[in-house]
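The structure under discussion appears below in the form of structure tokens.
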Amino acid sequence: MYKVVKEIRPEEVEMKKTFADTMEEMAAKDDAVVYFDCDVINSIGMVGFGEKYPDRCIDCGIQEANMIGAAAGASAVGLKPFTHTFGPFAARRVIDQVYISAAYAKLNVRMIGSDAGVTASYNGGTHMPIEDMGLMRTIPEVTLLEPTDSVMLADLMRQTKDMYGVFYIRITRKVVDKVFEDGSTFEIGKAVELRDGSDVTLITSGYCTTDTIKAAELLAKEGISAKVLNMFTWKPLDTEAIVAAAQKTGAIVTVENHNVINGLGSAVAEVVGEHCPVPMKRIGVQDRFGEVGSIDYLKGIFGMTVEDIVAAAKETIKRK
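For any residue, its number in our numbering is found by taking its place in the sequence shown, counting from 1, and adding 584.
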């Protein structure tokens, strides 16, 4: 079960440290855990893991497609591979290998793509994954996860270690806000309700969660009751939660750190359109490339600020 913190605040460590610490914890208990990387071991904080488990830490160099093939091979001999590289390379450069070597072959690979969306910041458009989840969403039987904070990340890593299949886990390497109490656990495929409401539903995940909660708080000051769902599993999507929210509030706004095309908003819209059509608005990157800038600057040009979410909620309510 999960518990939301009383006051959202920045975590004490970067998410990459939680990733590295959890990998070490799992490897200590399970000899089948192996790690594959593409020349960014230092960037994700895995140097210590490599020193402790040199035979289970494989640096493939800047060869992302080969990394997925090697991880699939490790799965074929009974190991539990985790892979990592930056999000654009974890998705765009490996799509055929993920499709054929891992998913189609019914193998067992957990792929981590880091620096999701605007958190790539000054690394710019070439390193800014705003399409990664959309690409992976088109591959059958791939589970898509976007953890909100380090508590959720650690829990999802522990769960997927012992689950069979192909997983894509989208994270940031930096400090994020702590939303959940230590010890919280989550059910993959089930949305987390962060706030109940009756006028509009805000559906979000990952880095956008804090801003979405802030928007709900601002709306409440104006007498607008906003339900907030954290849809950390993009696939399989929690259809039941979406339909129930649509029926209750009659309006939905999705907020994602991703291109709105084939992203969370598209996935939610497919459910809404088929099961319970209501007015809807998608907040996210509107079919454009990333660019260099601070996170605040990028959220501004992409229309992803707290104020943008508030405005979208009001507009959508008017369409009911």
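No residue lacks a Cβ here, since even glycine has one placed at the ideal position from N, Cα and C.
Is any non-hydrogen atom of the ligand ADP found closer than 7 angstroms to the C-beta of Tyr752, if you look at the structure I gave you?
Looking for the ligand ADP in the displayed structure turns up nothing, as the structure carries no ligands at all.
For Pro863 versus Lys832, is the C-beta spacing smaller than 8 angstroms?
No, these two residues do not count as a Cβ contact at 8 angstroms.
Here's the rule: buried if 16 or more other CB atoms are within 10 angstroms of the residue's CB, otherwise exposed. What is Val693?
Buried.
Can you tell me which residues form a DSSP beta bridge with Asp761?
DSSP lists Pro594 as partners of Asp761.
What span of residues does the alpha helix (DSSP H) with Asp795 cover, start to end?
It spans 793-805 - the alpha helix (DSSP H) in which Asp795 sits, taken as one unbroken run.
Within the continuous beta strand (DSSP E) that includes Ala649, where are the two ends?
First-last for Ala649: 648-660, but that is the alpha helix (DSSP H), not the beta strand (DSSP E).
Going by C-alpha to C-alpha distance, which of Ile679, Cys644, Gly709 sits closest to Ile879?
Selected option, being the one with the closest Cα: Gly709.
When we look at the beta-carbon of Arg872 and count the other beta-carbons within 10 Å, is it buried (16 or more) or exposed?
Exposed.
Let's see if you can read the secondary structure: which residues bound the alpha helix (DSSP H) around Pro665?
Where Pro665 is concerned, there is no enclosing alpha helix (DSSP H), although the beta strand (DSSP E) it sits in stretches over 664-670.
Do Val678 and Ile646 count as a contact pair if the criterion is CB distance below 8 angstroms?
No. Outside cutoff.
From the DSSP output, read off the bridge partner residues of Met695.
For Met695, which the question treats as bridged, DSSP gives the partners Thr667, Tyr752.
From this set, Gly884, Pro665, Val894, which residue's C-alpha is nearest Val750's C-alpha?
Of Gly884, Pro665, Val894, the residue nearest in Cα terms is Pro665.
Can you find at least 3 beta carbon pairs, one from the stretch 789-807 and one from the stretch 612-627, that sit closer than 8 angstroms?
The stretch 789-807 vs the stretch 612-627: no contact.
Determine the direct distance from the alpha carbon of Gly847 to that of Asp746, and round the result to whole angstroms.
Cα-Cα distance, rounded: 27 angstroms.
How about the stretch 815-823 and the stretch 720-732: do they share at least three Cβ pairs that are nearer than 8 angstroms?
Taking 8 angstroms as the limit for Cβ pairs, the verdict is that the stretch 720-732 does touch the stretch 815-823.
Can Ile755 and Leu728 be called in contact, C-beta distance under 8 angstroms?
Taking 8 angstroms as the Cβ cut-off, Ile755 and Leu728 do not qualify as a contacting pair.
Quick one: what does DSSP say Phe620 is sitting in, helix, strand or coil?
It is a strand residue.
So the candidates are Gly629, Val618, Met585; which of them puts its Cα closest to the Cα of Val597?
When only C-alpha atoms are compared, the closest one is Gly629.
Do Val784 and Val837 count as a contact pair if the criterion is CB distance below 8 angstroms?
In this structure, Val784 lies closer than 8 angstroms to Val837 by Cβ.
I'd like to know whether the C-beta atoms of Val869 and Asn843 end up nearer to each other than 8 angstroms.
Cβ atoms of Val869 and Asn843: closer than 8 angstroms.
How about Ala735 and Asp766: do their beta carbons lie closer than 8 angstroms?
A quick correction: the sequence has Val, not Ala, at residue 735. A contact, by the Cβ cut-off of 8 angstroms.
Determine whether the Cβ of Arg903 lies closer than 8 angstroms to any Cβ atom of chain D.
The structure shown contains no chain D; it holds only a single protein chain.
DSSP has Met864 in a bridge; who is on the other side?
Answer by DSSP bridge pairing, in chain order: Ile836.
Express the C-alpha separation of Asn841 and Thr889 in angstroms, rounding to a whole number.
Each residue's Cα considered, the two are about 11 angstroms apart.
Among Gln681, Val839, Tyr748, whose alpha-carbon lies nearest the alpha-carbon of Asp905?
Lying before the first or after the last residue shown, residue 905 is absent from the chain, which here runs from 585 to 904.
Look at Thr823 and Val776 and say whether their C-beta atoms are less than 8 angstroms apart.
Cβ distance not < 8 angstroms, so Thr823 and Val776 don't count as in contact.
Can you give the Cα-Cα distance for Lys762 and Lys590, rounded to whole angstroms?
Looking at the two C-alpha atoms, the distance is approximately 10 angstroms.
So, is Asn814 buried or exposed, given that buried needs 16 or more other C-beta atoms within 10 angstroms?
Flag for Asn814 reads buried.
Report the partner residues of Ala828 according to the DSSP bridge assignment.
DSSP lists no partner for Ala828.
If I measure Cβ to Cβ from Asp733 and keep anything under 7 angstroms in the same chain, skipping five residues before and after, which residues do I get?
Contacts found: Glu595, Val760, Asp761, Lys762, Val763, Phe764.
Taking the straight line between their C-alpha atoms, what separation do you get for Ala655 and Gly662?
Approximately 11 angstroms between the Cα atoms of the pair.
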